[in-house]
Amino acid sequence: EAGASVEKITVQSVKEAMDLTGLLYSPEAYATWRHKIEKSPEVMFSKILERFRSGANVLAADFIQAWQKLLDLRKQYNSEVLKYDAILIPTSPIMPPDIGRLMNDGDFYNSQNLLALRNTRIGNLMGGCSITLPTGVPSCGLLIMGMPNQEERLLRIAQACERVL
13 EAGASVEKIT VQSVKEAMDL TGLLYSPEAY ATWRHKIEKS PEVMFSKILE RFRSGANVLA
73 ADFIQAWQKL LDLRKQYNSE VLKYDAILIP TSPIMPPDIG RLMNDGDFYN SQNLLALRNT
133 RIGNLMGGCS ITLPTGVPSC GLLIMGMPNQ EERLLRIAQA CERVL
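Take the sequence shown: its letters are residues 13 to 177, numbered as in the working numbering.
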């Protein structure tokens, strides 16, 4: 018995933040890597190239508005989860998909890729810190997320969780 309690919660701000990712990630990625991407686009995986290039068409006003909304959602998220020591979720909500189908079915690739990244995006969007612990089951990690700038505290929590796992 570890002395911990686990409570299942729904955090509305996460859903709203996820809806902003198309306006946030691709424009930033394209702006950051545009010179390398366009110099040698053939070296980049085509599906990622397509996603990055989609950022070229996002208006600056839409990008800035999305960031302003995200900053508000971060405040809401922090108030929603402040009472918890940590947020625990699977590092990835899916097991590794069939590689053959990934390579040959673009829609399947896009859906599985975005789903595989979903849980780690929460920490990225909300500006918190996180760590993944192995669980002993292949491809199944436990993602432990904490509040922004609380890395030392999160490491202590992760160490306690690791003893139980």
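Think of the CB as a built atom: it goes at the ideal place given N, C-alpha and C, for glycine as much as any other residue. Fair warning: this is a prediction, and the values are worked out from it, not measured in the lab.
With fewer than three CB-CB distances shorter than 8 Å, the stretch 151 to 162 does not count as touching the stretch 114 to 126. For P105, the three-state secondary structure derived from DSSP is coil.
It is roughly 13 Å from the alpha-carbon of T144 to the alpha-carbon of P105. Around the C-beta of L71, fewer than 16 other C-beta atoms lie within 10 Å, and the residue is accordingly described as exposed. The bridge partners DSSP lists for M157 are I99 and S142. Counted as a single uninterrupted DSSP element, the alpha helix (DSSP H) harbouring D84 occupies residues A72 to V93.
In the three-state reduction of the DSSP assignment, V26 falls in the helix class.
When C-alpha distances from Q171 are compared across F64, I76, A98 and I111, the shortest belongs to A98. If you look at N116, you'll find it in the alpha helix (DSSP H) that goes I111 to N116.
Taking the Cα positions, V18 is about 16 Å away from L166.
C-alpha of L137 to C-alpha of R63: approximately 18 Å in a straight line. Secondary structure of V176 (DSSP, three-state): helix. Within a 10 Å sphere around the beta-carbon of N69 sit fewer than 16 other beta-carbons, which makes this residue exposed.
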